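*Asks:* Submitted below is the structure of interest, expressed as structure tokens.
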Amino acid sequence: MPLTKISQYSQTASSNTDIDSIDLGEGTMVPSDVNNALREVMAHLADMNAGTAAIQDTFTLSDPADDTKQVRLDAVGITTGNTRVLTAPDADVTIAGLEAAQEFTKTQNFNATTLTDAASISWDASANQVTSVTLTDNRTLAAPTNMVDGGVYTLMAIQDGTGSRTLSYNAVFKFAGGAAPTLTTTAAAKDILVFYSDGSNMYEVGRSLNVS
1 MPLTKISQYS
11 QTASSNTDID
21 SIDLGEGTMV
31 PSDVNNALRE
41 VMAHLADMNA
51 GTAAIQDTFT
61 LSDPADDTKQ
71 VRLDAVGITT
81 GNTRVLTAPD
91 ADVTIAGLEA
101 AQEFTKTQNF
111 NATTLTDAAS
121 ISWDASANQV
131 TSVTLTDNRT
141 LAAPTNMVDG
151 GVYTLMAIQD
161 GTGSRTLSYN
171 AVFKFAGGAA
181 PTLTTTAAAK
191 DILVFYSDGS
201 NMYEVGRSLN
211 VS
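Taking this note's numbering, the leading residue of the sequence shown gets 1, the next gets one more, and so forth.
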């Protein structure tokens, strides 16, 4: 098979017998073949640096003082045809493992979002873990989508400038004592509800009414 990119090169030098169909045999190469082979290698290197061809199927980094300490990057978990991007923050970071105990040394928080007010309020739990909604009429909170088992979700219900808005709840919402809270009716009042999910239901674990 013609070697058309770096990821096809062999670590065994003698196995690299051609460069993009240019025969590298010592008895067959002519000066123009040498020039063309060098140009092909240069093109492969430029292709790699431009990000249009993989260096290799897996990429390994090693400690500069001890090359037996290695980290391998691979894309085995990515769906065929997809490209995933890792973006580094403008700061020194330590990579954390999901399977390892962690101790945060900096503040961690969720990105607070706002749900769209409607007769039936939709709640995508995958993108709105800490969220709020301003009620402009009597509303119903629909069953959230994308709940996960073990997820904790917070909702702040805010009265508009008129107040006296009510909120009904889909059956997936389960409340302490089986009784849903009655929202504060004062204009601009804020009530905070916290839920724990088993992936199918939202169980109330806390409420703070008329927070001011």
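C-beta: ideal position from N, C-alpha, C; glycine also.
Predicted model only: the values in this text are computed from it and were never measured.
Taking C-beta to C-beta, are V148 and S200 nearer than 8 Å?
*Replies:* If you number the sequence shown from 1, residue 148 lands on position 148. If you number the sequence shown from 1, residue 200 lands on position 200. No, Cβ-Cβ distance for V148 and S200 is not below 8 Å.
*Asks:* Reducing DSSP to helix, strand and coil, say where S32 ends up.
*Replies:* Working through the sequence shown from its first residue, we reach residue 32 at position 32. Three-state result, S32: helix.
*Asks:* Does the distance from the C-beta atom of D117 to that of V130 stay below 8 Å?
*Replies:* By one-based count along the sequence shown, residue 117 stands at place 117. By one-based count along the sequence shown, residue 130 stands at place 130. No, these two residues do not count as a Cβ contact at 8 Å.
*Asks:* Quick check on Q70: does DSSP put it in helix, strand or coil?
*Replies:* The residue you call residue 70 lines up with position 70 of the sequence shown. Reduced to three states, the DSSP call for Q70 is strand.
*Asks:* Tell me the rounded alpha-carbon separation between A37 and T60.
*Replies:* Position 37 of the sequence shown holds residue 37. Position 60 of the sequence shown holds residue 60. Taking the straight line joining both Cα atoms gives about 27 Å.
*Asks:* For the beta strand (DSSP E) containing E103, name the first residue and the last one.
*Replies:* On the sequence shown, residue 103 is found 103 positions in, with the first residue counted as 1. Looking at the DSSP string, E103 is not in any beta strand (DSSP E), and its letter there is neither H nor E.
*Asks:* May I ask you to list the residues that DSSP assigns as paired with Y153?
*Replies:* As a first step, residue 153 is located in the sequence shown; it is residue number 153 there, counting from the start. Answer by DSSP bridge pairing, in chain order: F195.
*Asks:* By Cβ distance, which residues of its chain are closer than 6 Å to K174, with the 5 residues on each side in sequence left out?
*Replies:* Your numbering for residue 174 matches position 174 in the sequence shown. Same-chain partners within the cutoff: N201 and Y203.
*Asks:* Identify, in the order they occur along the chain, each residue of the same chain with its Cβ nearer than 8 Å to the Cβ of N16, setting aside the five sequence neighbours on each side.
*Replies:* Here the question's residue 16 lines up with position 16 in the sequence shown. Here the set comprises L3, Y9, S10 and L24.
*Asks:* So what does DSSP say about M202, is it helix, strand or coil?
*Replies:* Taking the first residue of the sequence shown as 1, we reach residue 202 at position 202. Three-state result, M202: strand.
*Asks:* Quick one: is Q159 buried, meaning 16 or more other Cβ sit within 10 Å of its Cβ, or exposed?
*Replies:* Position 159 of the sequence shown, counted from the start, is the residue given in the question as residue 159. Its Cβ being crowded by 16 or more others within 10 Å, Q159 is buried.
*Asks:* What's the call for A157, buried or exposed, on a 16-neighbour Cβ count within 10 Å?
*Replies:* Sequence index remark: in the sequence shown, residue 157 carries index 157 (1-based). Flag for A157 reads buried.
*Asks:* T185: which of T136, D18, F195 and V71 sits nearest, CA to CA?
*Replies:* Here residue 185 corresponds to residue number 185 of the sequence shown, with the count starting at 1. Comparing Cα-Cα distances from T185 to each of T136, D18, F195 and V71, the minimum goes to T136.
*Asks:* Excluding sequence positions up to five away, which residues of its chain have a Cβ less than 6 Å from the Cβ of S139?
*Replies:* Reading the sequence shown from its first residue, position 139 is the one you call residue 139. At residue 139 the sequence reads Arg, which differs from the Ser that was named. Same-chain partners within the cutoff: I121 and L167.
*Asks:* I want to check one thing, is the minimum distance from the CB of D137 to the heavy atoms of the ligand MG below 7 Å?
*Replies:* With respect to the ligand MG, the structure offers nothing, as it holds no ligand at all.
*Asks:* Check whether the Cβ atoms of G161 and A187 sit closer than 8 Å, and answer yes or no.
*Replies:* By one-based count along the sequence shown, residue 161 stands at place 161. By one-based count along the sequence shown, residue 187 stands at place 187. Yes, the Cβ-Cβ distance between G161 and A187 is below 8 Å.
*Asks:* How many Å lie between T154 and N210 at the Cα?
*Replies:* As a first step, residue 154 is located in the sequence shown; it is residue number 154 there, counting from the start. As a first step, residue 210 is located in the sequence shown; it is residue number 210 there, counting from the start. Spanning the two alpha carbons is a distance of roughly 15 Å.
*Asks:* Buried or exposed, going by whether 16 or more other CB atoms sit within 10 Å of the CB of R165?
*Replies:* Residue numbering aside, residue 165 sits at position 165 when the sequence shown is read from its first letter. Buried.
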